[in-house]
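The structure appears below as structure tokens.
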């Protein structure tokens, strides 16, 4: 089955982004709160529920034995969730999102349309493009030919209605 010219261009630009990411020329940032919810293709409800459930059950079990100790375990569980579990979930979500986006152009487009993703130049993080409103295609064009066109926004194609937005 033949691809449309726009789909073929998307796959080619996606390959440029993969090369740029692999060469550490771009950085992909995600918005945890936007992607860690129902409806997001990278959301995993079990990853969010099970650690919290284990911490709460541990405190309830200890509370049945000793109310004061159970309360202290509950307070400790609260801090453990805030300082260890949430960052662990955020890292796993970030890794899963980047892996999914780099897998193919379709995944890139689906996650991009949800928002919660910012792609910036590693050398200058102020230059980037923000999903879903930003034009990732124009941003990816600066990596055609294997090198960044420069610190600016690169050459856009005729009819391209926009350049990457500042992050």
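In full-length UniProt numbering, the protein residues as written are 1 to 167. Backbone N, C-alpha and C define an ideal beta-carbon position, used for all residues, glycine too.
Along the chain, where does the beta strand (DSSP E) that runs through residue i open and close?
i: residue 130; result: 128 to 130
Drop a sphere of 10 angstroms on the beta-carbon of residue i, count the other beta-carbons inside from all chains shown, and report buried for 16 or more, exposed for fewer.
i: residue 137; result: buried
i: residue 97; result: buried
i: residue 67; result: exposed
i: residue 75; result: exposed
i: residue 23; result: exposed
i: residue 140; result: buried
i: residue 39; result: exposed
i: residue 79; result: exposed
i: residue 16; result: buried
i: residue 83; result: exposed
i: residue 59; result: buried
Based on DSSP bridge pairs, tell me the residues matched to residue i.
i: residue 26; result: 121
Over what stretch of residues does the alpha helix (DSSP H) that includes residue i continue unbroken?
i: residue 142; result: No alpha helix (DSSP H) contains residue 142, which DSSP labels as neither H nor E.
i: residue 41; result: Note, residue 41: premise wrong, no alpha helix (DSSP H); not H, not E.
i: residue 82; result: Note, residue 82: premise wrong, no alpha helix (DSSP H); not H, not E.
i: residue 107; result: 105 to 114
Based on Cα-Cα distance, which residue from the options lies nearest to residue i?
i: residue 56; options: 72, 41, 77, 65; result: 77
i: residue 21; options: 116, 130, 133, 120; result: 120
i: residue 124; options: 27, 16, 81, 110; result: 27
i: residue 52; options: 133, 73, 81, 113; result: 81
i: residue 114; options: 9, 71, 35; result: 35
Using 8 angstroms for Cβ pairs, my map puts residue i next to residue j. What's the rounded Cβ distance?
i: residue 112; j: residue 14; result: About 10 angstroms; that fails the 8 angstroms criterion.
i: residue 179; j: residue 29; result: Nothing about residue 179 can be read from this structure; the chain reaches only from 1 to 167.
i: residue 92; j: residue 47; result: 6 angstroms
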